[in-house]
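J.: Numbering (our numbering), first residue to last: 69 to 322.
Where a beta carbon is used, it is the ideal one built from N, C-alpha and C, also for glycine.
Have a look at this one:
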């Protein structure tokens with residue numbers, strides 16, 4: 069069931085989203101060669117704690133996720149587990165996926181950061197994944213359908229020969245970090261749930277340089293491209309107001 073939020077609840081979504089945006093800004097500065105992914109998680113946990121929020125990812129799922137954020141390097145598409153043994157290297161790309169709860173509502177966003185001197189191929193993948201998000205955002209209009217958003221993301225990403233991950237999708241968000249509706253990154257226009265004022269959901273292209281196919285590692289979380297080529301991820305929480313879509317987790321320079 070898709071929840072419709074009141075104006076007061078949308079305000080709370082804005083505050084949770086602003087906290088996520090603040091965390092991503094700090095993570096971008098910290099994502100340099102020599103830093104462990106555990107250090108990135110520590111930064112996120114500190115900022116959430118100082119804001120009086122909580123990290124819904126900790127203990128989520130089965131097996132229970134052990135960290136506040138996901139840190140996914142190169143061929144890891146999503147759900148990489150932060151570790152003191154995983155050190156960022158020059159030329160890596162690392163996706164930080166952050167969820168924070170504040171006053172009962174959630175914000176969720178992801179960015180793929182460039183670590184040091186990154187190849188042009190990787191840089192373009194990251195840039196075009198972000199652009200695919202904004203192609204989707206352009207279709208987030210009251211009265212449109214989720215399929216309009218999904219199709220725009222897919223069409224743009226596939227125009228470069230990239231693989232659009234099928235088994236992972238965006239999602240509704242509000243009091244829980246994962247709610248209805250499902251927001252795929254592929255599909256046909258005119259299909260899916262109609263976009264209504266008061267909805268909140270995450271659009272999050274997960275784009276692979278090669279095949280769309282992925283596999284799950286033995287830890288039960290880490291999702292990796294089947295061909296070992298890199299992947300990028302770009303996500304924002306979007307609320308639907310009477311004036312149209314608003315990204316709660318977006319800052320222009322991150």
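With contact counted as at least three CB pairs below 8 Å, one residue from each stretch, are the region 201 to 212 and the region 177 to 184 in contact?
T.: no
J.: Let's test the definition: count the other Cβ atoms within 10 Å of the Cβ of residue 149 and tell me whether it reaches 16, buried, or not, exposed.
T.: Counting Cβ neighbours within 10 Å, residue 149 comes out buried, since at least 16 surround it.
J.: Exposed or buried, what is residue 283 when buried is set at 16 or more other beta-carbons lying within 10 Å of its beta-carbon?
T.: exposed
J.: Decide if residue 213 is buried, meaning its Cβ has at least 16 other Cβ atoms within 10 Å, or exposed.
T.: buried
J.: Give the secondary structure of residue 301 by DSSP, where H, G and I count as helix, E and B as strand, and everything else as coil.
T.: strand
J.: Going by the CB atoms, is the gap between residue 228 and residue 251 shorter than 7 Å?
T.: no
J.: Rounded to the nearest angstrom, what separates residue 119 and residue 87 at their Cα positions?
T.: CA-CA distance, residue 119 to residue 87, rounds to 8 Å.
J.: If I'm right that residue 108 touches residue 322 with Cβ under 8 Å, what's the distance once you round it to whole angstroms?
T.: In this structure residue 108 is not in contact with residue 322, their Cβ atoms being roughly 14 Å apart against a cut-off of 8 Å.
J.: If we count the other Cβ atoms within 10 Å of its Cβ and call it buried at 16 or more, is residue 218 buried or exposed?
T.: Residue 218 counts as buried, since at least 16 other C-beta atoms from the protein chains shown sit within 10 angstroms of its C-beta.
J.: How should residue 221 be labelled, buried or exposed, when 16 other C-beta atoms within 10 angstroms of its C-beta is the threshold for buried?
T.: buried
J.: Can you give the Cα-Cα distance for residue 186 and residue 162, rounded to whole angstroms?
T.: 11 Å
J.: On the three-pair Cβ rule with 8 Å, is the region 164 to 174 touching the region 276 to 295?
T.: no
J.: Would you give the residue range spanned by the alpha helix (DSSP H) that residue 274 belongs to?
T.: Not the alpha helix (DSSP H): residue 274 falls in the beta strand (DSSP E), residues 274 to 276.
J.: So which of 132, 143, 129, 306 has the shortest CA-CA distance to residue 330?
T.: In the structure as shown, the chain begins at 69 and stops at 322. Residue 330 is therefore absent and cannot be evaluated.
J.: Out of 145, 79, 94, point me to the one whose CA is closest to residue 281's CA.
T.: 145
J.: Is it true that the CB of residue 69 sits closer than 7 Å to the CB of residue 248?
T.: Their beta carbons are under 7 Å apart, which means residue 248 touches residue 69 by this criterion.
J.: With H, G and I counted as helix, E and B as strand and the rest as coil, what does DSSP make of residue 103?
T.: The DSSP-derived three-state label of residue 103 is coil.
J.: Which residues does DSSP list as the beta-bridge partners of residue 138?
T.: 165
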